[in-house]
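In our numbering, the protein residues as written are 879 to 984.
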């Protein structure tokens with residue numbers, strides 16, 4: 879085998895190795911880019927879900943506050959009703975005390 883043939887074979891082998899390395903490098907770069915795109919998609923989805931969760935949390939807090947206000951209002955209304963009932967009972971007793979026709983007035 880001549881020296882020229884050996885040199886040509888070595889050059890061809892080096893070119894083939896270079897092409898394989900280039901193809902592998904491009905494949906890795908493509909895979910990295912795909913992973914970046916996928917990761918960004920996950921980040922976007924996570925941000926969206928986080929916003930939805932925060933909105934739901936705020937709505938729940940608002941609903942709880944509204945329920946608490948309504949509970950306080952109901953308790954105040956019940957207290958007023960109880961006070962009015964007590965006043966009505968006092969008036970009935972006073973009427974019974976001063977009514978000369980009342981059976982209880984003696």
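Even for Gly, the Cβ is constructed at its ideal location relative to N, Cα and C.
Excluding the 5 residues flanking residue i on each side, which residues of the same chain have their C-beta closer than 6 Å to its C-beta?
i	result
residue 889	none
residue 887	none
Using the Cα positions of residue i and residue j, report the straight-line distance between them to the nearest angstrom.
i	j	result
residue 979	residue 944	52 Å
residue 902	residue 914	18 Å
residue 952	residue 941	16 Å
residue 956	residue 948	12 Å
residue 966	residue 981	19 Å
residue 968	residue 962	10 Å
residue 971	residue 934	55 Å
residue 925	residue 908	26 Å
residue 880	residue 911	46 Å
residue 939	residue 928	16 Å
residue 882	residue 918	53 Å
Tell me which residues share the same chain as residue i and place their Cβ nearer than 7 Å to its Cβ, disregarding the 5 neighbours each side in the sequence.
i	result
residue 984	Unreliable positioning characterises residue 984 in this predicted model, as indicated by a pLDDT of 49, which lies under 50. The coordinate reading is nonetheless provided below. Closer than 7 Å at Cβ, skipping near neighbours: no residue.
residue 895	none
Quick one: residues in its chain with C-beta nearer than 8 Å to the C-beta of residue i, no 5 flanking neighbours on either side, listed in chain order?
i	result
residue 916	none
With 16 as the cutoff for other CB atoms within 10 Å, does residue i come out buried or exposed?
i	result
residue 884	exposed
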